[in-house]
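Q: So the mapping is simple: my numbering equals the position in the sequence shown, first residue as 1, plus 1339. By construction, the Cβ of each residue, glycine as well, lies at the ideal position given by its N, Cα and C atoms. Have a look at this one before I ask anything.
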Amino acid sequence: MTDFVDIKPGEWVLAFDEPYGPYMRPMLEHLEMFRMRGGGWDSHSPAEIFHVYQVRDVKPKTYFIGEAVTHPHAYLKERQPRTHVIAAGATKEEMIALRNRLFSIGDETDDRIEAEMYRRIEKFSAREHAKAEAKIHRLLPHFFAKKPSRKGVA
């Protein structure tokens, strides 16, 4: 049997929205995916991937939700799987802060990687763009041939 996060009625939980849940891999591996931007869903917001629910009742494999913090078009079911719960806490704000911190780890990491990548490639990129421009000039000389200067012409 899977180990579940201990939750109690009245607590708030941070959980994966069902489509994003850990179906194909264990929860630990699924959470490690967030070392990269969006955990593989880089065009999705934290509110789409993670929902924050207030627990109303707890059953062995599921729980029932009360209030919820989700994205505007979320399809919510009152009964949620406990396998999707990441953490439990006393307040909604605590779980939202945890969601934002978890999501930002991959964003910040990928931002640093991209900045370093562009820094390292900057000189090479400039040389390659100059070569490409020269090829365009050679390919279309009738546009780029030196034309006499029109300075001093009235």
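1. Would residue 1445 pass as a contact of residue 1364 if the rule is Cβ separation under 8 Å?
2. Looking at residue 1383: is its Cβ nearer than 8 Å to the Cβ of residue 1408?
3. Does the beta-carbon of residue 1284 have 16 or more other beta-carbons within 10 angstroms, so that it is buried, or is it exposed?
4. Round the Cβ separation of residue 1350 and residue 1405 to the nearest angstrom and send it over; I've been treating them as touching at under 8 Å.
5. State yes or no: is the C-beta of residue 1394 within less than 8 Å of the C-beta of residue 1361?
6. Just to confirm the assignment: which complete beta strand (DSSP E) runs, minimum length 3, are found wholly within the stretch 1416 to 1491?
7. Could you tell me the distance, in whole angstroms, from the CA atom of residue 1454 to the CA atom of residue 1353?
8. My assumption, with CB atoms under 8 Å, is that residue 1359 sits in contact with residue 1388. Please give the rounded CB distance.
9. Could you pull the start and end residues of the beta strand (DSSP E) that residue 1390 belongs to?
10. If you compare alpha carbons, which of 1439, 1457 and 1426 is closest to residue 1377?
11. Under the rule that 16 or more other beta-carbon atoms within 10 Å means buried, what is residue 1411, buried or exposed?
12. Name the two residues that bound the continuous beta strand (DSSP E) containing residue 1406.
13. To the nearest angstrom, report how far apart residue 1372 and residue 1366 are at their CA atoms.
14. Relative to the C-alpha of residue 1396, which residue among 1466, 1441, 1474 and 1418 is closest?
15. Roughly how many angstroms separate the alpha carbons of residue 1379 and residue 1481, rounded to a whole number?
A: The structure says:
1. no
2. no
3. Because the chain is modelled from 1340 through 1493, residue 1284 falls outside the range shown and cannot be assessed.
4. Actually they do not touch by this definition, with Cβ atoms about 11 Å apart.
5. no
6. 1418 to 1420 and 1424 to 1428
7. 31 Å
8. 5 Å
9. 1389 to 1397
10. 1439
11. exposed
12. 1401 to 1408
13. 10 Å
14. 1418
15. 48 Å
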